[in-house]
Amino acid sequence: MFHLGNAAILFLYGQALVAAGEGDPAGTTGLTVIIAQGTMVIVSILSAWASGRYGYWSAVLLSYCVLPVRAAVAGRVMKGWGVWPVQILDGIGAGIQSVAIPGLLAVMMAGTGHVNITMSIVGGITRQTGAAISHSLAGWVAQVRSYSFALYLMGIFPLVSVFLWAIFYKILRPVMDKKLGETNT
1 MFHLGNAAIL FLYGQALVAA GEGDPAGTTG LTVIIAQGTM VIVSILSAWA
51 SGRYGYWSAV LLSYCVLPVR AAVAGRVMKG WGVWPVQILD GIGAGIQSVA
101 IPGLLAVMMA GTGHVNITMS IVGGITRQTG AAISHSLAGW VAQVRSYSFA
151 LYLMGIFPLV SVFLWAIFYK ILRPVMDKKL GETNT
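Take the sequence shown: its position 42, counted from the start at 1, is 42 in the UniProt record's numbering, and no numbers get skipped.
So this is what it looks like as structure tokens:
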């Protein structure tokens, strides 16, 4: 659900800014990538440290909570300066997920011999499918309604992730908070 909401925001927001006369196509798109990637590097380092101390549960939850805020800011702020908060939030979510998801899966699948297949399912199937649908859905909604409406809609999907994460708290949290040195028995 995260990537269903997240994948289209960068491109949709850039298009919305250009359509509103708030940026040029190449410069706006380039700036969105630079801001997000710079933030992601810093946040991924901090996430590795924090996940080692506090477990992966909170890190993943935080990444899910950042995206609806990002979508709301993007839908509301159609100004050139809005690229900064929108893409900093993107870097925060992506930086956390780049560390927490692989770490979480490694801990959950430790000792089973199924870490690689699990990474393939999560990374290759669920993430990529969500990302592909995200662009189609967001583009269609932007065309039918508006850029703002499509951006707000993209923020709803990660709210479902937050809800599901909270529902399965008691079942999954003990497994997720194990240390990497422990094994599944």
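The C-beta atom is built at its ideal place from N, Cα and C for all residues, glycine as well.
Contact check, residue i vs residue j, beta carbons under 8 angstroms
| i | j | result |
| --- | --- | --- |
| residue 36 | residue 152 | no |
| residue 1 | residue 102 | no |
| residue 83 | residue 165 | no |
| residue 132 | residue 141 | no |
| residue 10 | residue 130 | no |
| residue 23 | residue 75 | no |
Residue i to residue j span [Cα, whole Å]
| i | j | result |
| --- | --- | --- |
| residue 77 | residue 39 | 20 angstroms |
| residue 69 | residue 92 | 11 angstroms |
| residue 112 | residue 7 | 31 angstroms |
| residue 14 | residue 42 | 23 angstroms |
| residue 173 | residue 52 | 15 angstroms |
| residue 123 | residue 96 | 15 angstroms |
| residue 184 | residue 31 | At residue 184, the pLDDT of 47 sits below 50, so the modelled position is not reliable; the number obtained from the coordinates is stated separately. Approximately 44 angstroms between the Cα atoms of the pair. |
| residue 148 | residue 120 | 34 angstroms |
| residue 156 | residue 128 | 18 angstroms |
Three-way DSSP call (helix, strand, coil) for residue i in this model
| i | result |
| --- | --- |
| residue 183 | The predicted position of residue 183 is uncertain, since its pLDDT is 49 and thus under 50; a value taken from the coordinates is nonetheless stated next. Coil, per DSSP. |
| residue 168 | coil |
| residue 264 | One cannot answer for residue 264 here, as it falls past the ends of the chain, which runs 1 to 185. |
| residue 118 | helix |
| residue 123 | helix |
| residue 39 | helix |
| residue 5 | helix |
| residue 113 | coil |
Bounding residues of the alpha helix (DSSP H) (the contiguous stretch that carries residue i)
| i | result |
| --- | --- |
| residue 73 | 56-76 |
| residue 135 | 128-144 |
| residue 1 | Premise fails: residue 1 is in no alpha helix (DSSP H) and is neither H nor E. |
| residue 11 | 9-19 |
| residue 90 | 83-109 |
CB-CB length for residue i against residue j, believed under 8 angstroms
| i | j | result |
| --- | --- | --- |
| residue 134 | residue 64 | The pair is not a contact, with the Cβ atoms about 15 angstroms apart (cut-off 8 angstroms). |
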